[in-house]
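Peer 1: Please see the structure below; I have some questions.
Structure, rendered in structure tokens:
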């Protein structure tokens with residue numbers, strides 16, 4: 009069975025500061041890992057995904073995530089926050105043959121001017 | 090050219106009514122899903138279909154009945170609506186996860202259901 013834990017339901021940063029959103033996963037088989045973003049009253053949009061080809065994954069809008077098998081983590085970072093980054097962020101896991109993507113509880117990112 | 094489209098976007102109805110939400114994807118995917126997002130933003134899978142066949146039913150009350158007339162469509166019918174059914178329902182699709190490709194789910198814009 010797979011599961012995802014996102015540490016921190018709310019994260020607040022100043023504009024221009026580093027963004028770090030934490031995600032730990034549990035999976036008995038090699039996982040597929042994803043970060044999604046949800047803006048208010050919108051659906052979920054893929055930010056990036058782990059393909060097993062590289063442990064450092066670059067996504068859209070300047071976000072990146074690093075897969076660390078030893079720590080079972082897939083934390084999301086962005087060097088400099090922008091006001092437009094304020095949204096809900098979800099870490100997710102799926103596996104081949106699993107037929108479902110399991111989502112973390114989400115982290116709300118606030119960006120202060 | 091919307092990839093995954095759901096209708097309606099908003100649905101307000103009284104307790105006890107029956108309602109349907111429609112979903113269509115034009116991505117050629119084999120697998121479609123229904124997710125429920127509660128007021129705390131928690132996303133929980135309800136159903137998973139692969140090529141019109143029900144694969145996963147996550148202990149959803151049988152008042153919820155999905156129907157997949159073809160692999161591009163997955164509709165959700167809800168009978169005898171209850172206050173607790175109020176939520177945002179998302180349809181999604183992906184390639185067949187058994188293909189071995191690292192494939193993400195593509196989401197519709199959601200249907201906000203309010204039961205009064």
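Chains as they are written, first to last, in the working numbering: chain A, 9 to 121; chain B, 90 to 205. Think of the CB as a built atom: it goes at the ideal place given N, C-alpha and C, for glycine as much as any other residue.
Which same chain residues end up closer than 7 Å to residue 113/B when comparing Cβ atoms and leaving out the 5 residues on each side of it in sequence?
Peer 2: Only 94, 161 and 162 meet the Cβ criterion.
Peer 1: What are the residues of the segment 60–86 of chain A that lie near chain B, defined by any Cβ-Cβ distance shorter than 8 Å?
Peer 2: Taking 8 Å as the Cβ-Cβ cut-off against chain B, the residues of the segment 60–86 of chain A that qualify are 60.
Peer 1: Kindly list the residues whose CB is nearer than 6 Å to the CB of residue 114/A, restricted to its own chain and excluding five residues on each side of it in sequence; keep chain order.
Peer 2: Excluding positions up to five away in sequence, the list reads 96 and 98.
Peer 1: Can you tell me where the beta strand (DSSP E) holding residue 101/A begins and where it ends?
Peer 2: First-last of the beta strand (DSSP E) with residue 101/A: 95–102.
Peer 1: Drop a sphere of 10 angstroms on the beta-carbon of residue 39/A, count the other beta-carbons inside from all chains shown, and report buried for 16 or more, exposed for fewer.
Peer 2: With 16 or more Cβ atoms within 10 Å of its Cβ, residue 39/A is classed as buried.
Peer 1: Check this for me: beta carbons of residue 172/B and residue 106/B, under 9 Å apart or not?
Peer 2: Not closer than 9 Å, so no.
Peer 1: Please identify the residue among 181/B, 138/B and 99/B whose C-alpha is closest to the C-alpha of residue 204/B.
Peer 2: Of 181/B, 138/B and 99/B, the residue nearest in Cα terms is 99/B.
Peer 1: Considering only their Cβ atoms, is the gap separating residue 102/A from residue 181/B smaller than 9 Å?
Peer 2: No; because the gap between Cβ atoms is not below 9 Å, this pair is not in contact.
Peer 1: In chain order, what residues of the segment 96–122 of chain B put their CB closer than 8 Å to some CB of chain A?
Peer 2: The residues in question are 120 and 122.
Peer 1: Residues of chain B with a CB under 9 Å from the CB of residue 96/A: which are they?
Peer 2: Those are 130, listed as they occur along chain B.
Peer 1: Can you tell me the Cα-Cα spacing of residue 136/B and residue 146/B, whole angstroms?
Peer 2: Cα to Cα, residue 136/B sits roughly 5 Å from residue 146/B.
Peer 1: State yes or no: is the C-beta of residue 130/B within less than 9 Å of the C-beta of residue 166/B?
Peer 2: It is not a contact, given that the beta carbons lie outside the stated cut-off.
Peer 1: Would residue 13/A pass as an interface residue toward chain B - the criterion being a Cβ-Cβ separation below 9 Å?
Peer 2: Judged by the 9 Å Cβ criterion, residue 13/A is not in contact with chain B.
Peer 1: For residue 141/B and residue 91/B, what's the separation of their Cα atoms in angstroms?
Peer 2: Spanning the two alpha carbons is a distance of roughly 21 Å.
Peer 1: Between residue 110/B and residue 96/B, is the Cβ-Cβ spacing less than 9 Å?
Peer 2: Contact flag set, yes.
Peer 1: Between residue 108/A and residue 44/A, what straight-line distance do the alpha-carbon atoms span, to the nearest angstrom?
Peer 2: So the two alpha carbons sit approximately 15 Å from each other.
Peer 1: Can you look up residue 132/B in the DSSP assignment and give me helix, strand or coil?
Peer 2: In this structure, residue 132/B counts as strand in the three-state DSSP scheme.
Peer 1: Would you mind reading off the limits of the beta strand (DSSP E) that contains residue 159/B?
Peer 2: Segment 153–159, the beta strand (DSSP E) holding residue 159/B.
Peer 1: Does DSSP put residue 72/A in a helix, in a strand, or in coil?
Peer 2: If DSSP states are grouped into helix, strand and coil, residue 72/A belongs with the strands.
Peer 1: For the putative contact between residue 117/B and residue 51/A, defined by C-beta atoms under 8 Å, what is the C-beta separation to the nearest angstrom?
Peer 2: About 19 Å; that fails the 8 Å criterion.
Peer 1: What residues in its chain sit with their C-beta under 7 Å from that of residue 47/A, if we drop five residues either side in the sequence?
Peer 2: Result list for residue 47/A: 95, in chain order.
Peer 1: Look at the Cβ atom of residue 119/A, then the Cβ atom of residue 22/A, and state whether they are nearer than 9 Å.
Peer 2: Yes. Within cutoff.
Peer 1: Anyone know if the C-beta pair for residue 55/A and residue 26/A falls short of 9 Å?
Peer 2: No.
Peer 1: Report yes or no: is there a C-beta of chain B within less than 9 Å of the C-beta of residue 16/A?
Peer 2: Closer than 9 Å: no.
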